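Okay, structure first, notes after.
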Amino acid sequence: MEENKIQNSKATVRTPIIVGTTLALGILIGATFFGGRRPAGDVSRSSSKFREILTYINRSYVDSVNTDSLVDYSITKMLEKLDPHTYYFPPQDAELARSQLESGFDGIGIEFNVFNDTVYVVTPLAGGPSEAVGIQSGDAIIKANDNSLTGKEASSTNIFANLRGKRGSVAKLEIKRKGFKDLLKFSVTRDKIPQYSIDAAYLMEDKKTGYLKINRFTETTYDEFKEHMVDLQKQGMKQLLLDLRGNPGGYMDRATDIVDELVAGKGVIVYTDGKDTRNNRKTNAHIDGMFEKGAIVVLVDEGSASASEIVSGSLQDYDRALIVGRRTFGKGLVQQPIQLSDGSELRLTISRYYIPSGRSIQKPYVKGHLDNYEHELEDRGKSGEYFIADSIKNNPKMRFKTVGGRTVYGGGGVTPDIFVPRDTSHITKYLMELYGRNIIREYAMSYANDNRKTLSKQSFDSYLKSFSVSDAMLNDMNRVLTNTGVKYSPQEFADSKDFIKSQLKAAIARHIWQRSVKNGLNNEFYQIVYQDDPMIETALKSFVKAEKLEKDKRL
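Numbering-wise, this note's numbering puts 300 at position 235 of the sequence shown, and it's gapless, one number per residue.
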């Protein structure tokens, strides 16, 4: 694979493609390329006017005013005049946003869920401090360090503020546990809690297809990927199904490192172009990868953005993988994270990135019209794209060629080689009420805890084949929902029934078998919910084409 095999005219490559939507993870795509603070330009004239007005407000305005909140509001409104991905995080939000891509955070080590304004422990993380002191799935956290976590206080901000903290500090919890009259008190010493970006990695039923699902590209994604790929290859994997659906992106270099493991040669994986030439970078493949031969199918949808589009688009450009699913989000802008003096953070768009064929996948936008940009996905649905494959409209002026001569398009996400429509027949108001009130997860947790001894005696394979969610279980769940004041709809229940049964069975399995897993994998859950997944069914049938694509490329 040589760098000069993919060629397009300079005019085509330089055609301006513009913007994306604010994704909490996707906006960090250039974080590893561009770090540290950058000197401000000469904006003294404009800034002095702003300071002057702020001074008058602070000194003479009739009422008391929080000038910090005014400044934050002014910054936010100012950035709305730029692209949709330049974003400002106040100090309290900046730390939480950064932690989403770090390898771990300091806390008490639980996965929690808020149900009826109460914080419930979904599971104590294996090997974590909460598990060590005996906190159990189903426990309700009433107070933390004498601060209430119920009712209006059960907000995400308040929960994180009370449960996370410096390593070695102590969180004193008061917990309500089923079967105990009084609250139980626990002292949990906070520790580093690992975060994982790969949800599932297992050999599928055909014993030759490795399934690997990446939920975002964080500090540890590349290391996780290599670890699971080695394990899959030891199990006999011959072909790879890489699932990037709903993956909003993350660190660019983790994405390019993964591409490098899958493509041969020294060709370009991604390059960036901006106003300041110091922000222009080119990343080439440079190693002998661990899976450079063998068919690959990549799953994408409208939630696949940023770094996910680098992976899927680059593999498509090199004819290394067949892309199956729906058109990706369309974010091709690079942000530089800039930490400000008060702990806040500015994510500033500094360049556009381009994948090997020279195409940008950034979808168009108009500065200052963020609503239109954010509603673009809804507009796709209105045009029928989710349901009719040939309703996907590509701009003929954005036509590019892959290394093997196939036509691909830029200017609005990665268009899949094989389209799979979105099935919405099971989505009802009844189902949304179940999700909105966390009833499926709550019922699964309760059922798993009540039946743990019986369920644990069998293997997961036995559970997968023999366990069935009964009508009695569904009726119990219906009663929980109607007790919240929601009117029961027999027709909506019938439309959603099969989907609910699958989700409930998978959630129960997760509570029983995931507790002993320390690498973040949730294989049991996904093996159940994807049993009848139309996109996976299409992908498995597409490996013949993917294998031919790989062979033709080598001829």
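Backbone N, C-alpha and C fix where the C-beta goes; we use that ideal spot for every residue, glycine too.
It should be emphasised that the depicted structure is a prediction, and the values quoted were computed from it without experimental measurement.
Identity of the residue in the options nearest residue i by Cα
| i | options | result |
| --- | --- | --- |
| threonine 183 | Asp515, Val609, Ile504 | Ile504 |
| valine 399 | Ser379, Gly339, Gln381, Asp353 | Gly339 |
| glycine 332 | Ile403, Tyr383, Lys466 | Tyr383 |
| arginine 232 | Val431, Phe590, Gly172, Asp526 | Gly172 |
| tyrosine 267 | His150, Ser252, Leu307 | Leu307 |
| threonine 480 | Gln157, Tyr121, Gly368 | Gly368 |
| serine 213 | Asp288, Lys243, Leu190, Glu239 | Glu239 |
| aspartate 598 | Gly585, Leu586, Asn587, Phe564 | Phe564 |
| isoleucine 207 | Arg229, Phe532, Phe251 | Phe251 |
| glycine 550 | Asp211, Gln300, Tyr495 | Tyr495 |
| isoleucine 175 | Pro149, Gly408, Val295, Arg255 | Arg255 |
| glutamate 602 | Thr274, Pro189, Thr132, Arg346 | Thr274 |
| alanine 236 | Glu289, Gly301, Asn210 | Asn210 |
| alanine 197 | Val253, Arg163, Arg124 | Val253 |
| leucine 623 | Arg116, Gly397, Lys562 | For the chain, the structure presents residues 66 to 620; residue 623 sits outside this window and is missing. |
| alanine 159 | Asp407, Asp526, Tyr438, Pro259 | Asp407 |
| arginine 346 | Lys299, Ser379, Tyr419 | Tyr419 |
| aspartate 617 | Phe484, Ser379, Gly470, Phe115 | Gly470 |
| methionine 600 | Arg124, Tyr276, Ser111, Leu380 | Tyr276 |
| arginine 242 | Pro149, Leu190, Ser511 | Ser511 |
| histidine 351 | Ile323, Gly397, Pro155 | Ile323 |
| glutamine 381 | Lys530, Val473, Tyr595 | Val473 |
Close-in-space but distant-in-sequence residues of the same chain around residue i (CB under 7 Å, 5 per side omitted)
| i | result |
| --- | --- |
| glutamate 357 | Leu327, Val328, Ala329 |
| threonine 321 | Ile334, Val335, Thr348, Ile375 |
| leucine 614 | Asp384, Leu387 |
| serine 521 | Ile577 |
| valine 545 | Ile504, Tyr508 |
| glycine 585 | Tyr261, Ile263 |
| lysine 272 | Gly301 |
| glutamate 145 | Gly433, Leu435 |
| threonine 141 | Tyr153 |
6 Å CB neighbourhood of residue i in its chain, flanking five on each side removed
| i | result |
| --- | --- |
| glutamine 568 | Ile505 |
| glycine 100 | For glycine 100, the predicted structure reports a pLDDT of 37, less than 50, and the residue's modelled location is therefore unreliable. A value from the coordinates is still provided. Cβ neighbours of glycine 100 beyond the five flanking positions: none. |
| tyrosine 185 | Asn178, Ala205 |
| glutamine 404 | Glu410 |
| alanine 509 | Leu569, Ala572, Ile573 |
| arginine 391 | Asp366, Glu367 |
| alanine 360 | Gln304, Phe608, Ala611, Glu612, Glu615 |
| alanine 219 | Val179, Asp182, Val184 |
| arginine 124 | none |
Per-residue burial, residue i [other beta carbons within 10 Å of its own, 16 or more giving buried]
| i | result |
| --- | --- |
| leucine 499 | buried |
| serine 607 | buried |
| methionine 497 | exposed |
| histidine 337 | Going by the sequence as given, residue 337 is threonine instead of histidine. Burial call: buried. |
| threonine 151 | buried |
| tyrosine 126 | exposed |
| glutamine 157 | exposed |
| glutamine 556 | exposed |
| proline 402 | buried |
| alanine 604 | buried |
| phenylalanine 465 | buried |
| valine 534 | buried |
| tyrosine 468 | In the sequence under discussion, the amino acid at residue 468 is valine, which differs from the tyrosine named in the question. Buried is the call here. |
| histidine 622 | The structure shown does not extend to residue 622, since the chain spans only 66 to 620, so no value can be given for it. |
| glutamate 589 | buried |
| serine 524 | exposed |
| glutamine 427 | buried |
| glutamate 270 | exposed |
| isoleucine 258 | buried |
| asparagine 460 | exposed |
| alanine 513 | buried |
| asparagine 227 | buried |
Spatial neighbours of residue i in its chain, beta-carbon cut-off 8 Å, leaving aside the 5 residues before and after
| i | result |
| --- | --- |
| glycine 354 | Asp325, Glu326, Leu327, Val328, Ala329 |
| serine 377 | Leu309, Val363, Val365, Ser369, Ala386, Ile388, Thr393, Val479 |
| leucine 442 | Glu367, Phe394 |
| asparagine 312 | Ile279, Asn280, Arg281, Phe282, Gly368, Ser369, Ala370, Ala372, Ser373 |
| leucine 119 | Thr132, Leu135, Val136 |
| glycine 230 | Asp171, Gly172, Ala236, Arg255 |
| threonine 216 | In the sequence as presented, threonine is not what sits at residue 216; that position holds glycine. Excluding sequence neighbours, glycine 216 sits near Asp182. |
(message) Suppose only complete runs of 4+ residues qualify. What are the alpha helix (DSSP H) ranges in the region 514-539, listed by chain order?
(response) You should have 517-521, 525-531.
(request) May I ask you to verify whether the region 510-519 touches the region 404-420, counting CB pairs closer than 8 Å and requiring at least 3? (result) Output reads no: the region 404-420 does not touch the region 510-519.
(message) My parser needs the alpha helix (DSSP H) runs of 4 or more residues fully inside the region 338-402; what are they?
(response) Segments of the alpha helix (DSSP H) lying fully in the region 338-402: 372-382.
(request) Jot down the residue ranges of each uninterrupted alpha helix (DSSP H) in the region 185-212, minimum 4 residues, whole runs only, in chain order. (result) Correct list: 194-198.
(request) Spell out a yes or no on whether the region 127-137 and the region 194-201 are touching, meaning 3 or more CB-CB pairs, one atom from each, closer than 8 Å. (result) With a cut-off of 8 Å, the region 194-201 and the region 127-137 do not count as touching, because too few Cβ pairs lie within range.
(message) Ignoring anything shorter than 4 residues, give me the alpha helix (DSSP H) runs that lie fully in the region 271-324, in order along the chain.
(response) If we require 4 residues or more, the alpha helix (DSSP H) runs fully inside the region 271-324 come out as 286-299.
(request) With a floor of 4 residues, list each alpha helix (DSSP H) that falls wholly inside the region 536-595, ordered by position along the chain. (result) When DSSP assignments are scanned along the region 536-595, the uninterrupted stretches of alpha helix (DSSP H) that are 4 or more residues long and fall wholly within it turn out to be 536-547, 555-578, 588-594.
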